[in-house]
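Protein sequence lines, in the order shown, are assigned to chains A and B. Residue 1 is where the first sequence starts when you use my numbering, and the numbers rise one by one after that. Residue 1001 is where the second sequence starts when you use my numbering, and the numbers rise one by one after that. Cβ coordinates follow ideal geometry from the N, Cα and C atoms, glycine included. From a predicted model like this one, the values you see are computed outputs, not experimental measurements. Quick notes on the structure that follows.
Protein chains: 2
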Amino acid sequence: MPDRPTSRDVARLAGVSRTTVSLVLNNVPDVHISPETRQRVLEAARQLNYYPDASARRLVSGKTSTIALVWHRGPDRTYRDAFLPGLLQGATHAARRYGYYVLFRPIESDEPDDAWVELARGRHTDGLILSGPRSDDTALLDLHREGFPLVLHGQLPGADIPSVDVDNERGAMIAVRHLLALGHRRIGMVTNAPLAYTASRQRLEGYRRALEEAGIPFDEALVRYGNFDEESGRQAMEALLALAEPPTAVFVASDMVAIGALRALREQGRRVPEDMAVVGFDDIATSRYLIPALTTVHVPAFGLGWSAAELLIRIIEGDTPNETPVRLETELVVRESCGARSGDAGKRG
Amino acid sequence: MPDRPTSRDVARLAGVSRTTVSLVLNNVPDVHISPETRQRVLEAARQLNYYPDASARRLVSGKTSTIALVWHRGPDRTYRDAFLPGLLQGATHAARRYGYYVLFRPIESDEPDDAWVELARGRHTDGLILSGPRSDDTALLDLHREGFPLVLHGQLPGADIPSVDVDNERGAMIAVRHLLALGHRRIGMVTNAPLAYTASRQRLEGYRRALEEAGIPFDEALVRYGNFDEESGRQAMEALLALAEPPTAVFVASDMVAIGALRALREQGRRVPEDMAVVGFDDIATSRYLIPALTTVHVPAFGLGWSAAELLIRIIEGDTPNETPVRLETELVVRESCGARSGDAGKRG
DNA sequence: CTGAAAGCGCTTACAG
DNA sequence: CTGAAAGCGCTTACAG
Chain A
1 MPDRPTSRDV
11 ARLAGVSRTT
21 VSLVLNNVPD
31 VHISPETRQR
41 VLEAARQLNY
51 YPDASARRLV
61 SGKTSTIALV
71 WHRGPDRTYR
81 DAFLPGLLQG
91 ATHAARRYGY
101 YVLFRPIESD
111 EPDDAWVELA
121 RGRHTDGLIL
131 SGPRSDDTAL
141 LDLHREGFPL
151 VLHGQLPGAD
161 IPSVDVDNER
171 GAMIAVRHLL
181 ALGHRRIGMV
191 TNAPLAYTAS
201 RQRLEGYRRA
211 LEEAGIPFDE
221 ALVRYGNFDE
231 ESGRQAMEAL
241 LALAEPPTAV
251 FVASDMVAIG
261 ALRALREQGR
271 RVPEDMAVVG
281 FDDIATSRYL
291 IPALTTVHVP
301 AFGLGWSAAE
311 LLIRIIEGDT
321 PNETPVRLET
331 ELVVRESCGA
341 RSGDAGKRG
Chain B
1001 MPDRPTSRDV
1011 ARLAGVSRTT
1021 VSLVLNNVPD
1031 VHISPETRQR
1041 VLEAARQLNY
1051 YPDASARRLV
1061 SGKTSTIALV
1071 WHRGPDRTYR
1081 DAFLPGLLQG
1091 ATHAARRYGY
1101 YVLFRPIESD
1111 EPDDAWVELA
1121 RGRHTDGLIL
1131 SGPRSDDTAL
1141 LDLHREGFPL
1151 VLHGQLPGAD
1161 IPSVDVDNER
1171 GAMIAVRHLL
1181 ALGHRRIGMV
1191 TNAPLAYTAS
1201 RQRLEGYRRA
1211 LEEAGIPFDE
1221 ALVRYGNFDE
1231 ESGRQAMEAL
1241 LALAEPPTAV
1251 FVASDMVAIG
1261 ALRALREQGR
1271 RVPEDMAVVG
1281 FDDIATSRYL
1291 IPALTTVHVP
1301 AFGLGWSAAE
1311 LLIRIIEGDT
1321 PNETPVRLET
1331 ELVVRESCGA
1341 RSGDAGKRG
């Protein structure tokens, strides 16, 4: 790179001081500078192709104008990757509106869970979004206690850290109500993950409440536990099918797991939705292309990213919002796997 | 945030100068500092929970230790999003190895194509990866001429800017050779995009060359043009099926487009692979779950991100690599849509 | 082996 | 309305 022009060069060319250059270029309000001078500065900057040095600006302002998105990899790796484009683009979209940059920081499996704290402590960023918080992350709690701006994507029970997530319980209720409305009475469930995961517990609770609303007793025997992946869904569905009295419909709280469930059904020659109705959760990109196309609960990844970034930036800028935690609504996407489309729901049970 | 400790605080606590603190913490070689002093500094830093301020460091070093990934959105939006997680994680993986951070910068549709130049000119980053370069981007050429470190993901014919991409032509050859090996002689093609796109031209060329190798004349009538999306693939396949003498196999140079092609086949009651063999390109996440599962050419997104970041960092650090352009190999993923699995390829034609 | 001083390129009170 | 000076928090020649 040839020598970069500095504000001194611009000042010299425009015949003013560096102060004036800064005032003009930053459009500082309440300071009157003659239109001619202003024009001369602008012209000089343009002519020299001058852009203020970000590092100097950061140092003097004490702001990085950057937020970080910290991305944990875990057993739910593939599952979460499906949401990365949406989440990230939502976050960058909001960030841009407010003049912030976005640093992407995945925590890889060979790193300690709190490898990201250096970003905060070293002032690489003004705040951060932590996607997939670990409950044993004490560095996280320390930082929050010290007032470092933080927003979680997901939930950390017990900590009062601002967070953004989907309303899992309501999402599950919507899914199960849909099956109920289609006439099903014997509805099974496969969770998205072990119950150690908050989202998993919430989705199960939604299932339970929807049944309760309909006056159907909760039956433990109809619940199986998924573990993020296809194979766990396959096994869960096989177990359900092996029941003396299998359900006529199943709510699978994860599309990825539902893919496995659909496979188990296919392998056993059961037709979907005729022999078994299935509703998923997440609305990953693949779901619309499955055969039958999967009816599922849409999770607004872009909106989550957007909300997280916006909330974070408001915290950074001193606004202390109290509508936390933010819970975005889900939406049922009716496709073919539930039978609502064909008008031919399995009405047994 | 409470007052952050500075190097002065550490120096004071350890009873040394700030120089010594810097020397110790940065592990500057060839400077002998007594083990006791070193220990005292380290202890003081630990005790104060001191992390050097990144902004100050950037300013004094003239380095940001950051690379940016610029992500263009275009008509190929959905298509490209499928590769974002892999590309980004590959890039961050390589960046971390070399001590760099990654800034993610999507260019949204309401922004000028060169909205990213400010990142470079304002010294927000030491270099950048441009994914989806536009050939009319003169700012790009200017920056490259000035010596700003740049790596393209994709290709820009005519410009000698370092780039990383997949070997599209070979990938297409692999796909078509596979169909030839299965006994097909009348093989159609649907491109991934209009021929204005370099990758599209290259994949078509690979198709043509594979046929040539086999002594089969190229027949323009068997080629249709896709446009990134499902619908374009559906129409292309319908056109192919409407031919007086339709092909027995089709190479669709994009999985997304192939999804549409499969749908057209299904709608017309044709069985895949029995009535028509199909091979795709890209290996997007969805392809393995299609019915039949799509045989396709795998594009190593993670490897592309990794290579791009590594090449960029080597350029930043003064290494002028000459193995550019980098072309990664693809790999055929044989699944069900081509008939190789069932041993029952359509052998007519 | 260690310290005082200069300087990275800005912005921002503070004088004029 | 404009300019000289201080300072952000580091690192790095340069003396001692």
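Given residue i as reference, the closest of the options once Cα atoms are compared
i, options, result
"residue 302 (chain A)", "A:249, A:292, A:88, A:265", "A:88"
"residue 1024 (chain B)", "B:1203, B:1191, B:1052", "B:1052"
"residue 208 (chain A)", "A:228, A:183, A:251", "A:251"
"residue 1286 (chain B)", "A:255, A:73, A:227, A:114", "A:255"
"residue 188 (chain A)", "A:144, A:169, A:148, A:239", "A:239"
"residue 339 (chain A)", "A:31, A:183, A:73, A:72", "A:183"
"residue 1253 (chain B)", "B:1080, B:1125, B:1283, B:1192", "B:1192"
"residue 48 (chain A)", "A:69, A:233, A:80, A:3", "A:3"
"residue 1083 (chain B)", "B:1210, B:1135, B:1166", "B:1166"
"residue 1327 (chain B)", "B:1027, B:1152, B:1128, B:1118", "B:1152"
"residue 304 (chain A)", "A:272, A:105, A:132, A:26", "A:132"
"residue 247 (chain A)", "A:222, A:232, A:218, A:273", "A:222"
"residue 1334 (chain B)", "B:1175, B:1060, B:1234", "B:1175"
"residue 1196 (chain B)", "B:1121, B:1157, B:1148, B:1096", "B:1157"
"residue 122 (chain A)", "A:46, A:93, A:58, A:137", "A:58"
"residue 181 (chain A)", "A:277, A:129, A:242", "A:277"
"residue 1241 (chain B)", "B:1070, B:1318, B:1270, B:1145", "B:1270"
DSSP beta-bridge partners of residue i
i, result
"residue 251 (chain A)", "A:189, A:279"
"residue 217 (chain A)", "Bridge partners of residue 217 (chain A): none, in fact."
"residue 355 (chain A)", "Summary: the structure shown does not reach residue 355 (chain A), with chain A confined to residues 1 through 349, and so no result is reported for it."
"residue 1129 (chain B)", "B:1069, B:1151"
"residue 104 (chain A)", "A:69, B:1102"
"residue 1165 (chain B)", "B:1327"
"residue 1223 (chain B)", "B:1189"
Limits of the alpha helix (DSSP H) - the one that residue i falls within
i, result
"residue 1099 (chain B)", "Residue 1099 (chain B) -> no alpha helix (DSSP H), and no H or E assigned at all."
"residue 1176 (chain B)", "1168-1181"
"residue 1020 (chain B)", "1018-1025"
"residue 316 (chain A)", "301-316"
"residue 119 (chain A)", "117-121"
Residue i, DSSP secondary structure in three states
i, result
"residue 1198 (chain B)", "helix"
"residue 81 (chain A)", "helix"
"residue 9 (chain A)", "helix"
"residue 346 (chain A)", "Annotation note: pLDDT 39 at residue 346 (chain A) (below 50); position unreliable, coordinate value reported separately. Residue state, collapsed to three classes: coil."
"residue 1 (chain A)", "In this predicted model, residue 1 (chain A) has a pLDDT of only 47, less than 50, meaning its place in the structure is not dependable; the value taken from the coordinates is given anyway. DSSP places residue 1 (chain A) in coil when its eight states are reduced to three."
"residue 238 (chain A)", "helix"
"residue 148 (chain A)", "coil"
"residue 1337 (chain B)", "coil"
"residue 61 (chain A)", "helix"
"residue 267 (chain A)", "helix"
"residue 364 (chain A)", "Residue 364 (chain A) is absent from the model: chain A starts at 1 and stops at 349."
"residue 259 (chain A)", "helix"
"residue 1158 (chain B)", "coil"
"residue 34 (chain A)", "coil"
"residue 14 (chain A)", "helix"
"residue 272 (chain A)", "coil"
"residue 1028 (chain B)", "coil"
"residue 1231 (chain B)", "helix"
"residue 1205 (chain B)", "helix"
"residue 1135 (chain B)", "coil"
"residue 86 (chain A)", "helix"
"residue 1050 (chain B)", "coil"
For residue i, the first and last residue of its enclosing beta strand (DSSP E)
i, result
"residue 1331 (chain B)", "1331-1333"
"residue 1327 (chain B)", "1326-1328"
"residue 296 (chain A)", "296-298"
Exercise for the section: Pair every Cβ in the region 99-106 of chain A with every Cβ in the region 34-50 of chain A, then say whether three or more of these pairs are closer than 8 Å. Expected result: no
Exercise for the section: Inspect the CB distances between the region 111-126 of chain A and the region 158-170 of chain A and report whether three or more fall short of 8 Å. Expected result: no
Problem - Touching by the beta-carbon criterion (3+ pairs, under 8 Å), the region 1286-1301 of chain B and the region 1141-1156 of chain B - result: no
Problem - Three-pair Cβ contact test at 8 Å for the region 1191-1205 of chain B versus the region 1221-1228 of chain B - result: yes
Handout entry: Given 8 Å, three or more beta-carbon pairs between the region 261-279 of chain A and the region 305-322 of chain A
Key = no
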